[in-house]
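A.B. asks: Count the sequence shown with UniProt numbering and you get residues 1 to 278, in order.
For each residue, glycine too, the CB sits at the ideal point set by N, CA and C.
Have a look at this one.
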Amino acid sequence: EAGISKDGQTREHALLANTLGVKQLIVAINKMDLANWSESRYQEIIKETSNFIKKVGYDPKGVPFVPISGFNGDNMKKPSDNCPWYKGWKKESKGVEKTGKTLFEAIDAIDPPKRPDDKPLRLPLQDVYKIGGIGTVPVGRVETGVIKPGMVVTFAPANVTTEVKSVEMHHEMLEAGKPGDNVGFNVKNVSVKDIRRGNVAGDSKNDPPSGAASFVAQVIVINHPGQISNGYAPVLDCHTAHIACKFEELLEKIDRRTNKSIEDSPKFIKSGDSARVK
Numbered sequence: 001e002a003g004i005s006k007d008g009q010t011r012e013h014a015l016l017a018n019t020l021g022v023k024q025l026i027v028a029i030n031k032m033d034l035a036n037w038s039e040s041r042y043q044e045i046i047k048e049t050s051n052f053i054k055k056v057g058y059d060p061k062g063v064p065f066v067p068i069s070g071f072n073g074d075n076m077k078k079p080s081d082n083c084p085w086y087k088g089w090k091k092e093s094k095g096v097e098k099t100g101k102t103l104f105e106a107i108d109a110i111d112p113p114k115r116p117d118d119k120p121l122r123l124p125l126q127d128v129y130k131i132g133g134i135g136t137v138p139v140g141r142v143e144t145g146v147i148k149p150g151m152v153v154t155f156a157p158a159n160v161t162t163e164v165k166s167v168e169m170h171h172e173m174l175e176a177g178k179p180g181d182n183v184g185f186n187v188k189n190v191s192v193k194d195i196r197r198g199n200v201a202g203d204s205k206n207d208p209p210s211g212a213a214s215f216v217a218q219v220i221v222i223n224h225p226g227q228i229s230n231g232y233a234p235v236l237d238c239h240t241a242h243i244a245c246k247f248e249e250l251l252e253k254i255d256r257r258t259n260k261s262i263e264d265s266p267k268f269i270k271s272g273d274s275a276r277v278k
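Have a look at this one:
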């Protein structure tokens, strides 16, 4: 109940997940043993949870609901005898209906997302190390594209271009670093002072990243006391960068579920609103 109340953490996590592009969801209803495996309690929770995940932007038809007891292991790996009323979960995925009984089956029914390795390279730096006998080694996670030895990379907004000598992960040499890989790579003729955490590396020959004085972002106000208007100055965390910025102009307020504009140049935005901001 606390988790799905107005400012509850479950609500916030669902909203954050959807906002950050996580489109598949499983709802595991835990501690069913404390409710004596009551079917009415289970149905009540499904109803309440369906309402709020719908508001956040998920379609409850595509979400499996699984009653479990994590402590006792019911319906985790194998079906439990404690809930004879439970006929299993079902979800629609890409027009196909999938069914199962346990949480493990629900996890296995997730459609694996495609790794964006065909897009231009983007690698935000987490740290830059100077390693004796090797030289400068930037470290970070590949978000899109691929990084390979021999590639010429550009760091933005530092505007430094150099060649990648080698790429490694967990102390093993790699032929290529792909999206999701946390890699360290050795670069030629670049000092530790030239590049830093928050810079983004990209392929110099394929749409390299560049610094921007301003950009338009879609923002969602999850929880903010009072109103936000033009001139608001928060701290921006973007991948590994952490920097003060200013909302120069609120361009439009948008409906979170449809992404359609509902008001041009709003005077202010508040908790729960979504907007495009310069």
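Helix, strand or coil for residue 126, going by three-state DSSP, please let me know.
C.D. replies: strand
A.B. asks: Kindly indicate the opening and closing residues of the beta strand (DSSP E) around residue 242.
C.D. replies: 241-244
A.B. asks: Spell out the partners DSSP gives residue 161 in its beta bridges.
C.D. replies: 154
A.B. asks: Around the Cβ of residue 102, are there at least 16 other Cβ atoms within 10 angstroms (buried) or fewer (exposed)?
C.D. replies: buried
A.B. asks: Which runs of the alpha helix (DSSP H) fall wholly inside the UniProt domain "Tr-type G" (1-117) and span at least 4 residues, in chain order?
C.D. replies: 9-19, 39-56, 103-108
A.B. asks: Answer yes or no: do residue 89 and residue 106 have a C-beta to C-beta separation smaller than 8 Å?
C.D. replies: The beta carbons of residue 89 and residue 106 sit closer together than 8 Å.
A.B. asks: By Cβ distance, which residues of its chain are closer than 7 Å to residue 272, with the 5 residues on each side in sequence left out?
C.D. replies: Excluding positions up to five away in sequence, the list reads 221.
A.B. asks: Along the beta strand (DSSP E) that carries residue 253, what are the first and last residues, could you check?
C.D. replies: Per DSSP, the unbroken beta strand (DSSP E) holding residue 253 starts and ends at 250-254.
A.B. asks: Quick one: using the 10 Å Cβ neighbour count with 16 as the cut-off for buried, is residue 183 buried or exposed?
C.D. replies: Residue 183 comes out buried.
A.B. asks: Going by the beta-carbon positions, is the gap between residue 140 and residue 124 smaller than 8 Å?
C.D. replies: Going by C-beta atoms, residue 140 is nearer than 8 Å to residue 124.
A.B. asks: Using the Cα positions of residue 73 and residue 67, report the straight-line distance between them to the nearest angstrom.
C.D. replies: 11 Å
A.B. asks: Who pairs with residue 218 in a beta bridge, going by DSSP?
C.D. replies: The bridge partners DSSP lists for residue 218 are 276.
A.B. asks: Report yes if the CB atom of residue 150 is closer than 8 Å to the CB atom of residue 164, and no otherwise.
C.D. replies: yes
A.B. asks: Expressed to the nearest angstrom, what Euclidean distance is found between the alpha-carbon atoms of residue 121 and residue 96?
C.D. replies: 34 Å
A.B. asks: According to the Cβ coordinates, are residue 162 and residue 200 closer than 8 Å?
C.D. replies: no
A.B. asks: Compare the C-alpha of residue 11 against each of 55, 82, 219 and name the closest.
C.D. replies: 55
A.B. asks: Just checking, does the stretch 210-227 make contact with the stretch 263-271 on the three C-beta pairs under 8 Å criterion?
C.D. replies: Contact holds between the stretch 210-227 and the stretch 263-271, because three or more Cβ pairs, one in each stretch, are under 8 Å apart.
A.B. asks: For the beta strand (DSSP E) that residue 172 lies in, which residues bound it at each end?
C.D. replies: 172-174
A.B. asks: Within 10 Å of its beta-carbon, does residue 132 have 16 or more other beta-carbons around it, so buried, or fewer, so exposed?
C.D. replies: exposed
A.B. asks: Restricting to Cα atoms, I'd like to know which of 213, 137, 206, 178 is closest to residue 157.
C.D. replies: 213
A.B. asks: Any idea which residues DSSP pairs residue 203 with across the strands?
C.D. replies: 153
A.B. asks: Let me check one thing: in DSSP terms, what residues is residue 186 bridge-paired to?
C.D. replies: 166
A.B. asks: Let's see if you can read the secondary structure: which residues bound the beta strand (DSSP E) around residue 194?
C.D. replies: Premise fails: residue 194 is in no beta strand (DSSP E) and is neither H nor E.
A.B. asks: Which residue wins for smallest C-alpha separation from residue 100, given the options 87, 43, 111, 48?
C.D. replies: Answer by Cα proximity: 87.
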